[in-house]
Amino acid sequence: ESTTVTIIGAGPAGLVLANLLAAAGIACTVVERSSRVHVEQRARAGFLAANTVRVLTGAGLADGLLKHGRRHDTCAFRTASGEFELAYGGLGRGEVHTVYPQQDLVRDLVAAFLDRGGDLRFETAAVAVDGLGTDRPAVTTRGPDGALRRLSGRFVAGCDGRHGIARTAVPAGAVRRYRRDHGVSWLALLAAAPQSMAAVAYGVHPDGFAGHMARTPDVTRYYLQCPRGDDPAAWTDDRIWTALGARLRADRHGPLHRGAILERRVVDMGSDVLDPIQYGRLFLVGDAASLISPSAAKGANLAVMEAELLAAALTALLDGGDERPLARYSADCLPRIWRAQEFSHWMINLLHGPAGDGEEAVFLRALQQARLESLQTSRRHQDHFAENYVGI
Ligand code: APR
């Protein structure tokens, strides 16, 4: 079998790329290991940056998010000394977020691609990639019937996430991997309850960080910092709500709307960046290119930025014979990836102080306090924050 671009993975990265290529008249085949139901129900991120909305709107992929997404423009920090709000929609470049659950976006993107007659194969895993150094790279897939098929094309897009096969297809030594374990873990929660306040809230507390983020009118995302390796099952609903109430200081700022906990998952905060994010005819997009901690909700937005650049570069080559944009795909993406990594890393240090009474921990917690005070009082700092918080 043959196509022009083989896309491995139907997450936000693969699906945006597939839709942009299809709109440009470039043949592509998407292979996705999981089922359609699984992909369309997987709750992940939900904060879309202005650039993401621009890309999706320009491609006619934004009907759902423009109709059901909610504008979000304020975040609040709750500390021992009280609460302060940053109305970031009026700071920096004046950009806001659109809150739209990622699984809804994925569902829209799948429907749009299939409506265009796109070739999207669920329950079909890429099991091998070869010929990356040639002009005919091929992906071997295993479909739902268990049969192996060879799909050859001119290009391969690795959109298969952090544990995908695309990363491993690059020979050792051809790519450098930068990485950092931030040493912090979050219990990621979805609660069957409306949001408890209008803003995103970040609670900085001696027991650890707690976060509150709107999703839909009936479901709210919460985070609780927890010890590495904690068993999510040890967190009963009661224990969760007690910890959230304490760390978000509900006694002072008002009670939280409680509801059943629908999902509890421990996420270790880690980041990595591959350099370059292309090798021969293989191009990495999204988590396959760079994993970013969820502290600033950058993952899906970076994926969309990269998918747009890659689609434009492939179109320039296949339609106009211009090889240059594709040759510099990695060089164009990496500075933006590092800017997002820098901001996420800064957010981690803003939201988490080390525990304990050791000399270093006490010092670092004092720095954390100074950082929060600077953000609270300096308009220039707030502008810088807003620009990076929503920007890509
Ligand atoms: N063959 C086919 N599909 C695969 C394979 C494989 N060998 N390995 C992984 N996949 C699929 C996964 O099942 C998944 O659906 O690739 C997809 C990767 O999707 P995501 O993990 O969502 O990655 P990406 O599209 O890069 O996501 C961008 O959105 O919410 C965020 O955390 C998410 O930061 C990430 C961002």
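Just so you know, full-length UniProt numbering puts the end of the sequence shown at 398, numbered straight through with nothing missing. Backbone N, C-alpha and C fix where the C-beta goes; we use that ideal spot for every residue, glycine too. Just so we're clear, the structure is a prediction, and the values are computed from it rather than from any experiment.
Where the beta strand (DSSP E) through residue i begins and ends
| i | result |
| --- | --- |
| Arg156 | 154-158 |
| Ala24 | Note, Ala24: premise wrong, no beta strand (DSSP E); alpha helix (DSSP H) at 18-29. |
| Arg76 | 76-78 |
| Gln231 | 226-232 |
| Phe119 | Run containing Phe119: none in the beta strand (DSSP E); it sits in the alpha helix (DSSP H), 108-121. |
| His103 | 103-105 |
| His259 | Unbroken run through His259 is the alpha helix (DSSP H), 256-259; no beta strand (DSSP E). |
| Gly251 | Where Gly251 is concerned, there is no enclosing beta strand (DSSP E), although the alpha helix (DSSP H) it sits in stretches over 243-253. |
| His218 | 216-220 |
| Asp236 | Note, Asp236: premise wrong, no beta strand (DSSP E); not H, not E. |
DSSP-derived helix/strand/coil call for residue i
| i | result |
| --- | --- |
| Gly286 | coil |
| Val59 | helix |
| Leu97 | coil |
| Glu7 | coil |
| His44 | helix |
| Gly70 | helix |
| Asp187 | strand |
| Ala144 | strand |
| Ser299 | coil |
| residue 430 | No answer is possible for residue 430: it lies beyond the span of the chain, which begins at 7 and ends at 398. |
| Ala134 | strand |
| Val291 | coil |
| Val310 | helix |
| Phe369 | helix |
| Arg84 | strand |
| Glu379 | helix |
| Leu54 | strand |
| Gly64 | helix |
Bridge partner(s) assigned by DSSP for residue i
| i | result |
| --- | --- |
| Glu269 | Leu196 |
| Val279 | Tyr184, Ser296 |
| Asp151 | None, per the DSSP bridge assignment. |
| Ile14 | Val37, Gly164 |
| Leu92 | Cys81 |
| Asp125 | Thr35 |
| Gly209 | Arg84, Ala216 |
Enclosing alpha helix (DSSP H) for residue i [first to last residue]
| i | result |
| --- | --- |
| Tyr395 | 385-396 |
| Arg173 | 171-175 |
Own chain partners of residue i with C-beta closer than 6 angstroms, once the 5 adjacent residues on each side are dropped
| i | result |
| --- | --- |
| Arg76 | Val105 |
| Ala144 | Asp136, Gly137, Arg156, Ser158 |
| Glu393 | Gly98, Arg99 |
| Arg173 | Ala294 |
| Met353 | Ser301, Ala302 |
| Ser336 | Pro282, Ile283, Gln284 |
| Ala322 | Asp328, Pro331 |
| Ala132 | Ile14, Val37, Val145, Thr147, Ile171 |
| His211 | Arg253 |
| Arg221 | Gly52, Pro107, Arg227 |
| Ala118 | Asn25, Leu67 |
| Thr130 | Val37, Thr147, Gly149 |
| Arg255 | Arg84 |
| Arg168 | Asp293, Leu297 |
Cutoff 8 angstroms; reference residue i; Cβ partners in own chain excluding five residues on either side
| i | result |
| --- | --- |
| Cys81 | Glu91, Leu92, Tyr94, Ala205, Val206, Ala207, Tyr208, Tyr395 |
| Ala68 | Val59, Leu62 |
| Asn57 | Asn307, Val310, Met311, Gly397, Ile398 |
| Leu340 | Val279, Asp281, Pro282, Ile283 |
| Asp141 | Arg160, Arg287 |
Same chain, Cβ closer than 7 angstroms to residue i, five either side skipped, listed in chain order
| i | result |
| --- | --- |
| Pro18 | Gln108, Leu111, Val112, Gly292, Ala306, Ala309, Val310 |
| Ala361 | Ala367 |
| Ala65 | Asn25, Leu26, Ala29 |
| Leu381 | His387, Gln388, Phe391 |
| Leu357 | Tyr208, Val210, Phe215, Ser301 |
Review point. Going along the chain, which unbroken runs of the alpha helix (DSSP H) with 4 or more residues stay wholly within the segment 318-365?
Key: 330-333, 335-357
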